[in-house]
Structures are given as C-alpha cells and as structure tokens.
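These notes are about the structure you will find just below.
Residue numbers (my numbering): 35 to 189.
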C-alpha cells in the first residue's frame, strides 16, 4: 500500500493527465437522428427566417439534425458558417423523410455541401412538408466545431 502522499500525488497526476488528453465534448443533446430531429419551426409563419446554433465534434456528437416545416410551396436558402474560435470543417445536408419512417433512405437527400468552413444551399419550389437539416463534423481531430445556420424561406 502506498503512503498517503504518494496516493495523493498519483491521483493528482491521473486527473491532470486525463484533463490534458481528453477530447472536447459538444453540448449534450438528443438530436442525433432523423427520427429525433429538433423541431426549429414553421418557416411559412412569422418572419420566414430562423437561426440555428450549436456544436458538433468528431467524437461524441458527430451530427445534429434540425427539422423545419414548410406549409406551402417555398424557396429555401441555408447558410452555414463556423463560429470563431471553434469554427471548423462541416457538411451541410438538406433531406426530406418522404415516407416518414424516421430513417434516411435512398432518394431523400435534396442537397449536400461537403467538407467546408462555410456552406450555402438554395432550392427553389420545394413542396410543403417537413425537411431536415443535418450538420456534421468533418474535423479530423476531436475539437468541438461551433456553427450557425441561417434558414430563409423568403428567397
């Protein structure tokens, strides 16, 4: 058995080592699948404009899923920017779960922008329905990537 001071030193060394080596963790959330997408709002009511902010990492929160509703035919523009100091490479994807099975199936991806620090997706004449915006980390390390997506149905 180690003397008390040795055990304390070992415990302190363990804590310090773990703090240095541990990855950055994103804010805990539950919007990590099509079926659990966080509802952002109806874009055809009010201003027609929403801002979504969050973060993703390459370790514990790879993707965020955000759901929007269009109640009529609409044009849609998505802009994604990394937020300093933690902005990084991301993918931005717009999908529609047409069969409402809670999964992403073949033919349900509408648009995708990959591996960039900023994105813009514009689609014209989308039909009414629920759409899902997927923000995914493309960082090669465990750094947290903060993002801001503006969703505009006024275009």
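Yeah, the Cβ is synthetic: ideal placement off N, Cα and C, and Gly gets one too.
Is it buried or exposed, residue i, if we count other Cβ atoms within 10 angstroms and call 16 or more buried?
i: residue 152; result: exposed
i: residue 70; result: exposed
i: residue 91; result: buried
Report yes if the C-beta distance between residue i and residue j is below 9 Å; otherwise report no.
i: residue 164; j: residue 107; result: no
i: residue 114; j: residue 126; result: yes
i: residue 162; j: residue 104; result: yes
Is there a C-beta anywhere in chain C that falls below 9 Å from the one on residue i?
i: residue 146; result: The structure shown contains no chain C, having only a single protein chain.
How would you write the range of the beta strand (DSSP E) that residue i sits in, first residue to last?
i: residue 138; result: Run containing residue 138: none; DSSP gives neither H nor E here.
i: residue 93; result: Segment: none, residue 93 is in no beta strand (DSSP E) and carries neither H nor E.
i: residue 115; result: 108 to 116
i: residue 182; result: 179 to 186
i: residue 124; result: 124 to 129
i: residue 160; result: 152 to 160
Give the straight-line distance between the Cα atoms of residue i and residue j, rounded to the nearest whole angstrom.
i: residue 123; j: residue 67; result: 20 Å
i: residue 112; j: residue 93; result: 25 Å
i: residue 143; j: residue 179; result: 23 Å
i: residue 156; j: residue 133; result: 23 Å
i: residue 135; j: residue 72; result: 16 Å
i: residue 88; j: residue 95; result: 11 Å
i: residue 85; j: residue 129; result: 18 Å
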